[in-house]
Amino acid sequence: MSDPLAHFPVRQIAYFTNDVRAAAARHAALYGSGPFFVSEHIPLRRADYRGRPGTLDHSSAYGQWGALMVEFVQQNDAGASVFRDLYPSGGEGLHHIALIVDDLAAAAARFEAAGMPCALHAEMMDGFPFLMMDGVARYGHFVELYEGTATLTGFYDFVARAAEDYDGREPVRDLAA
1 MSDPLAHFPV RQIAYFTNDV RAAAARHAAL YGSGPFFVSE HIPLRRADYR GRPGTLDHSS
61 AYGQWGALMV EFVQQNDAGA SVFRDLYPSG GEGLHHIALI VDDLAAAAAR FEAAGMPCAL
121 HAEMMDGFPF LMMDGVARYG HFVELYEGTA TLTGFYDFVA RAAEDYDGRE PVRDLAA
């Protein structure tokens with residue numbers, strides 16, 4: 001069986017941090033990435049962790065870094081999660097890469113068949129699902145999967161367009177509701 005990552009281009013790299021705004025500002029200053037758009041306390045309709053219903057309060061900052069979107073994510077509550085799996089006591093670092101797939105169930109099955117179970121099955125309030133596959137043993141990080149809906153690809157396009165003429169000013173911005 002081929003490696004599941006061989007079938008999909010990486011669209012995003014995500015880092016876990018204790019402060020998304022500070023991490024985004026630091027990244028922008030070091031690498032010229034951005035601007036970063038922050039969404040605080042992202043509401044989820046569903047956040048099943050390792051097959052059990054749960055909750056997840058998290059915030060994210062999204063920016064462009066060359067051809068990739070870069071995300072900084074922080075967990076705002078102390079509950080068990082895919083973030084605490086890698087960083088249980090306040091650590092920070094690479095957490096996951098994200099792939100846009102045509103068929104979420106088929107892609108998840110491909111990862112599961114390769115020994116990478118679904119560690120998080122989440123849904124946004126509008127029902128948009130995303131999965132975190134546990135690729136830690138193989139890759140050292142999780143793999144996020146979601147389908148390329150118009151809303152999602154539109155958001156990726158919005159972030160990429162903002163970077164085209166980015167002059168380094170206002171590196172961290174609130175994402176408009």
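75 is the number that UniProt numbering gives to position 75 of the sequence shown; each next residue is one higher, with no gaps. Glycine residues also receive a C-beta, built at the ideal position from the N, C-alpha and C atoms.
Considering only residues of the same chain and omitting the five flanking positions on each side of residue i, which have a CB-CB separation below 8 Å?
{"i": "Thr55", "result": "Leu44, Ala47, Asp77, Gly79"}
{"i": "Gly93", "result": "Tyr15, Phe16, Leu86, Tyr87"}
Check this for me: beta carbons of residue i and residue j, under 7 Å apart or not?
{"i": "Leu145", "j": "Ala107", "result": "yes"}
{"i": "His96", "j": "His27", "result": "no"}
{"i": "Ala24", "j": "Val172", "result": "yes"}
{"i": "Arg11", "j": "Ala122", "result": "no"}
{"i": "Tyr139", "j": "Gly34", "result": "no"}
{"i": "Ala114", "j": "Pro4", "result": "yes"}
{"i": "Ile100", "j": "Gly168", "result": "no"}
{"i": "Phe111", "j": "Met133", "result": "yes"}
Helix, strand or coil for residue i, going by three-state DSSP, please let me know.
{"i": "Phe173", "result": "With the sequence shown as reference, residue 173 is identified as Arg, and Phe is not the correct amino acid for it. Looking at Arg173 - three-state DSSP - the assignment turns out to be strand."}
{"i": "His7", "result": "helix"}
So residue i and residue j are supposed to be a Cβ contact under 8 Å. How far apart are they, rounded?
{"i": "Gln75", "j": "Ser81", "result": "6 Å"}
{"i": "Glu130", "j": "Thr151", "result": "Here the sequence assigns Phe to residue 130, which means Glu is not the residue at that position. About 12 Å; that fails the 8 Å criterion."}
Apart from the five residues on each side of it in sequence, which residues of its chain come closer than 7 Å, Cβ to Cβ, to residue i?
{"i": "Tyr62", "result": "Phe36, Phe37, Met69, Glu71, Val159"}
{"i": "Ile42", "result": "His58, Ser59, Ser60"}
Spatial neighbours of residue i within its chain, please: C-beta separation below 6 Å, excluding the five flanking residues on both sides.
{"i": "Gln64", "result": "Val159, Ala160, Ala163"}
* Where are the alpha helix (DSSP H) runs, 4 residues long or more, that stay fully inside the region 93-145, in chain order? -> Runs found: 104-113, 136-139.
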